[in-house]
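Novice:
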Amino acid sequence: MLAVMILLAALGVGAAGLPSPPAPLRMNDIQVLGSHNSFKSRIPTAVMAELRRRDARLAEALDYYHLPLRAQLDRGVRQLEIDIFADPEGGRYADPGGERLAKAAGESTGFDAAAMRKPGYKVFHIPDVDYLSGCVTLLRCLGEVNEWSRAHPGHLPIMVTINAADTPGSREVTAPLPLEDAKLLDALDAEIRRAIPGRRLITPDEVRGAAPTLAAALRTRGWPSLDAARGRVYVLLDVRRAVSEAYRAGHPGLRGRAMFGWYDDADPDAAVQIVQDPLVDAARIRGLVTAGVIVRTRTDANTVEARAHDLTKAQAAFASGAQAVSTDYYPAAPDPLGLHYAITLPGGVSARCNPLRVRGTCAVKP
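For the sequence shown, our numbering assigns the number 133 to the initial residue and increments by one for each residue that follows.
1) Please go through the same chain and pick out, in chain order, the residues whose beta-carbon is closer than 7 angstroms to the beta-carbon of Asp448, but skip the five residues on each side of it.
2) Is the beta carbon of Asn486 closer than 8 angstroms to that of Gln455?
3) Would the beta-carbon of Val268 fall within 8 angstroms of that of Gly230?
4) Under 6 angstroms Cβ to Cβ from Ala347, same chain only, skipping five residues before and after it: list those, please.
5) Would Gly453 and Arg416 be called neighbours here (beta carbons separated by less than 8 angstroms)?
6) Could you tell me the distance, in whole angstroms, from the CA atom of Ile294 to the CA atom of Cys494?
7) In this structure, does DSSP put Leu369 in helix, strand or coil?
8) What's the call for Lys445, buried or exposed, on a 16-neighbour Cβ count within 10 Å?
9) What residues in its chain sit with their C-beta under 6 angstroms from that of Val136, if we drop five residues either side in the sequence?
10) Does DSSP put Gln204 in a helix, a strand or coil?
11) Let me confirm a value: His472 is counted as buried when at least 16 other C-beta atoms fall within 10 Å, else exposed. Which label applies?
12) With Val164 and Ser281 assumed to form a contact (beta carbons below 8 angstroms), what rounded beta-carbon distance in angstroms separates them?
13) Does the distance from the C-beta atom of Leu368 to that of Val425 stay below 8 angstroms?
14) Taking C-alpha atoms, which residue in Pro251, Pro463, Gly479 lies nearest to Glu323?
15) Leaving out five residues before and five after Glu239 in sequence, what residues of the same chain have Cβ atoms less than 7 angstroms from its Cβ?
16) Please state if the CB of Thr299 and the CB of Pro259 are separated by a distance shorter than 8 angstroms.
17) Alpha carbons only, please: which of Asn160, Val261, Ala191, Arg484 is nearest the one belonging to Glu304?
18) On the CB-based measure, 16 or more other CB atoms within 10 Å of its CB, does Lys497 come out buried or exposed?
19) In angstroms with no decimal places, state the Cα-to-Cα distance between Leu309 and Lys315.
20) Less than 6 angstroms between C-beta atoms, sequence neighbours within five positions excluded: which residues of the same chain meet that for Thr431?
21) For Ala378, which of Ala342, Asp321, Gly223, Arg326 has the nearest alpha-carbon?
22) Do you know how far the Cα of Phe171 is from the Cα of Leu469?
23) Please classify Ala456: does DSSP put it in a helix, a strand, or coil?
24) Is the Cβ-Cβ distance between Arg210 and Trp355 less than 8 angstroms?
25) Would Tyr263 pass as a contact of Phe217 if the rule is Cβ separation under 8 angstroms?
26) Can you tell me whether Leu212 is helix, strand or coil according to DSSP?
27) So is Arg331 buried or exposed if we call it buried at 16+ other beta carbons inside 10 Å?
28) Does Ser167 pass the burial test, meaning 16 or more other C-beta atoms within 10 Å, or should it be called exposed?
29) Would you mind stating whether Val375 and Phe392 have Cβ atoms separated by less than 8 angstroms?
30) What did DSSP end up calling Leu143 once you bin it into helix, strand or coil?
31) From the DSSP output, in three-state form, read off Phe392 for me.
32) For Ala191 and Arg174, what's the separation of their Cα atoms in angstroms?
33) Starting from Val292, trace the alpha helix (DSSP H) both ways and give me its first and last residue.
Dropping the structure here:
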């Protein structure tokens, strides 16, 4: 009798002769479509013309933009990327060079100088150059996400990556403030919690539970169930190593922090990873996903794949099992170059069960 029961269990059949119910999906058992630089607005014509004159390759890479965040979410996008710049005093980015150039050419850009003069984290891509945003402050961006989320209960969890390029670039643009500063990082957490309050935010503390580390929690009990994560948001801080270390200083295991951190694969605090190229790092992505880590990767970059109508990287991203596959060309995304290039998951959907983690027939509503 014992041997029969073991055989039935191996076949997925219960004692009454009926198939055993499938295990509930967890929030890392899905794959969703995301967007890159999700806040990005179109660069003014005069600025783009000057950029083409100075650096044609950079101009080509920047020649895309996005729908408002709400519209992206309406179309099934479930991973967003927001670039931030610290501005604790306000006004640091209120007079961009590009805006002066656009005004001189008679363009009306909608640049919100009043919002830029107020203290708080600002959102745009490149100071003075790619300086326009659909939501100019972090509070506005995350507020839009939270409002949309409340209006659409039961949606798949939304992953937000917060990217901070906080080191000086060209001497011709305003230098950002470095973020290895406890006050700036605490202020960043405070803005996130203000915009996405209470249990609407999935935090490292919730995922870790009673485990000693996030990595241990993923090995033992895994991520929250998909049902428990629906209607909620989680955030990854995408920064250079020194800032990642400063973020967890005084917060061992990210205790009390609002965001997950980006750390080395073997780090005990590594639960979410960004792996940019699914062609180069396909094996790494698969290993991370199999181990329970959530991974965000990209299907295209700098308009290169779109201009060539090349889906090779996209197909590799889908097959890798990365939970979030990010593109500049989700369905109905603006198409300033007239490329007619669009990315969806296989089957034309924006979300599906993860091909590496879920076997058999499975479907999810975005």
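For glycine and all other residues, C-beta sits at the position ideal for the given N, C-alpha and C.
Specialist: Looking at the coordinates:
1) With the sequence shown as reference, residue 448 is identified as Ala, and Asp is not the correct amino acid for it. Result list for Ala448: Pro410, Leu411, Ala414, in chain order.
2) yes
3) If you check the CB distance, Val268 and Gly230 do not come in under 8 angstroms.
4) Pro400
5) no
6) 31 angstroms
7) strand
8) buried
9) Here Val136 scores only 41 on pLDDT, less than 50, and its place in the model is too uncertain to base an answer on.
10) Gln204 falls in the helix class under three-state DSSP.
11) Residue burial annotation: His472 is exposed, with fewer than 16 other C-beta atoms found within 10 angstroms of its C-beta.
12) 14 angstroms between Cβ atoms; not a contact.
13) no
14) Minimum Cα distance to Glu323 is reached at Pro251.
15) Pro176, Thr177, Ala178
16) no
17) Val261
18) The C-beta of Lys497 has fewer than 16 other C-beta atoms within 10 Å across all chains shown, which makes the residue exposed.
19) When the Cα atoms are used, Leu309 and Lys315 turn out to be separated by approximately 12 angstroms.
20) Lys445, Ala446, Ala449, Val457, Thr459, Ile475
21) Asp321
22) 19 angstroms
23) strand
24) no
25) The answer is no: Cβ separation not under 8 angstroms.
26) strand
27) With fewer than 16 other beta carbons inside 10 angstroms of its own, Arg331 counts as exposed.
28) buried
29) no
30) Since pLDDT at Leu143 reaches only 43, below the 50 mark, its modelled position is unreliable, and the value read off the structure follows with that caveat. The answer is coil: DSSP assigns Leu143 none of H, G, I, E or B.
31) strand
32) 12 angstroms
33) Not the alpha helix (DSSP H): Val292 falls in the beta strand (DSSP E), residues 290-295.
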